[in-house]
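Report on the following structure.
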Amino acid sequence: DFSTCQQCVSRMPRKIVKEKEKPAEFFALLLNTTTKDEGEDFLDFAYPEESALKAVLPNCQGVLLASCGVMKAAVGQEVNFMVFRSLQGQEFKVAMRRQERWILCVILLAPATDSLAQFLVDEALALVLLRHGRFASVSDFRQLEPIFKALSALASEARSRPTPYPLLGLMQWHSLTSDWRQVIEERVEEWEKGWKETAVRPMALPQGFALLLEQQVMATSLDDETFSACMRLLALEAAEPTPASNDFDVRCHSLFLNPSGDEPLPSHQYSL
272 DFSTCQQCVS
282 RMPRKIVKEK
292 EKPAEFFALL
302 LNTTTKDEGE
312 DFLDFAYPEE
322 SALKAVLPNC
332 QGVLLASCGV
342 MKAAVGQEVN
352 FMVFRSLQGQ
362 EFKVAMRRQE
372 RWILCVILLA
382 PATDSLAQFL
392 VDEALALVLL
402 RHGRFASVSD
412 FRQLEPIFKA
422 LSALASEARS
432 RPTPYPLLGL
442 MQWHSLTSDW
452 RQVIEERVEE
462 WEKGWKETAV
472 RPMALPQGFA
482 LLLEQQVMAT
492 SLDDETFSAC
502 MRLLALEAAE
512 PTPASNDFDV
522 RCHSLFLNPS
532 GDEPLPSHQY
542 SL
């Protein structure tokens, strides 16, 4: 667990801001599996509101929910991926994940790779759980829009990159890490000493940090799982920079780590 994440990142916020005005690369649906009266809509959220793929929405909601129900009843497993065609002959790929009483679906046109569809739905789910803890805790599903905006920017970059998430799985140590190790250790010790001397019974104790330079790691005290969460938050916050600049400075936002079980999760705080 960690409560403070300090990061120095160059260029990435500018890159995402530059791309974010492009049309979304995918269409996301959040379908409610709760039994409804006839005529009621199963759709709780759709992103983006205006999309060329939205034309298939009225018919595909029932197809997706029915497919999940049939597969679950027949073999006891959830449908995670499927391909279907519209009446006009368009082919679509859908990656789906069930979470609580909802099914999150990401729909892409068939030229997209299977791995991209799976990546987008898994990262969307991970980001929702990091930011909100549980789907049931989201009071207004429009709060999920920043998450899908960030994923849309990453999907745009996937055209020219071997992986749509350059920060995950390819993160490397900076060449100056060894040279700066002693200096960083001294600065971290000074920082810890400073808040211990000034804080009077602080409500939150800093539990970890990650320092990045030019999208490479300089130092971190986080375990792998928490560091991955740190990278997801970086991509999410970079998609929503401060109005005054292309950079960002995020303070005291909540996140939820280790999202397992049905009990309410403790909220942590982080700063970028």
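So the sequence shown is residues 272 to 543, counted in our numbering.
Just so it is clear, CB atoms sit at the ideal spot from N, CA and C, and this is done for glycine as well.
Distance, Cα to Cα, residue i vs residue j?
i, j, result
"E463", "L526", "22 Å"
"G333", "S449", "57 Å"
"W373", "Q478", "33 Å"
"I455", "E321", "47 Å"
"H539", "L507", "17 Å"
"L483", "D393", "25 Å"
"L543", "R413", "23 Å"
"N303", "Q443", "40 Å"
"A509", "Q487", "16 Å"
"L358", "L391", "26 Å"
"E416", "A317", "9 Å"
"E296", "L380", "9 Å"
"F419", "L425", "10 Å"
"L438", "R503", "Confidence at L438 is low in this model, with a pLDDT of 45, below 50, so its placement is unreliable and the value that follows should be read with caution. C-alpha separation (whole angstroms): 8 Å."
"C331", "V341", "15 Å"
"P494", "A481", "The identity of residue 494 in the sequence shown is Asp, whereas the question assumes Pro. Their backbone Cα atoms lie some 10 Å apart in a straight line."
Mark residue i as exposed unless 16 or more other C-beta atoms lie within 10 angstroms of its C-beta, in which case mark it buried.
i, result
"E292", "Below a pLDDT of 50, predicted positions are generally treated as unreliable, and E292, at 40, falls in that range; the measurement from the model is reported next regardless. By the 10 Å Cβ count, E292 comes out exposed."
"T491", "buried"
"L422", "buried"
"F352", "exposed"
"V365", "buried"
"R356", "exposed"
"G465", "exposed"
Which partner residues of residue i appear in the DSSP bridge assignment?
i, result
"T491", "A481"
"I374", "L302, R369"
"F355", "F363"
"A544", "Because the chain in this structure spans residues 272 to 543, residue 544 falls outside the shown range and cannot be described."
"S525", "Q540"
For the ligand MN, is there any heavy atom lying closer than 7 Å to the beta carbon of residue i?
i, result
"E394", "As far as ligands go, the structure on display features none, and thus does not contain the ligand MN."
Does the beta carbon of residue i sit closer than 8 Å to a beta carbon anywhere in chain D?
i, result
"K364", "Of the protein chains in the structure, only one exists, and it is not chain D."
Which whole-angstrom value is the C-beta distance of residue i and residue j, which I expect to be below 8 Å?
i, j, result
"C376", "A470", "Going by Cβ atoms, the distance from C376 to A470 rounds to 46 Å, so no, they are not a contact pair."
key: Sufficient close CB pairs (3 or more, under 8 Å) joining the stretch 397–417 to the stretch 493–503   = yes
request  = Taking 8 Å as the threshold, find out whether the stretch 299–312 comes into contact with the stretch 341–357 through three or more Cβ pairs.
outcome  = no
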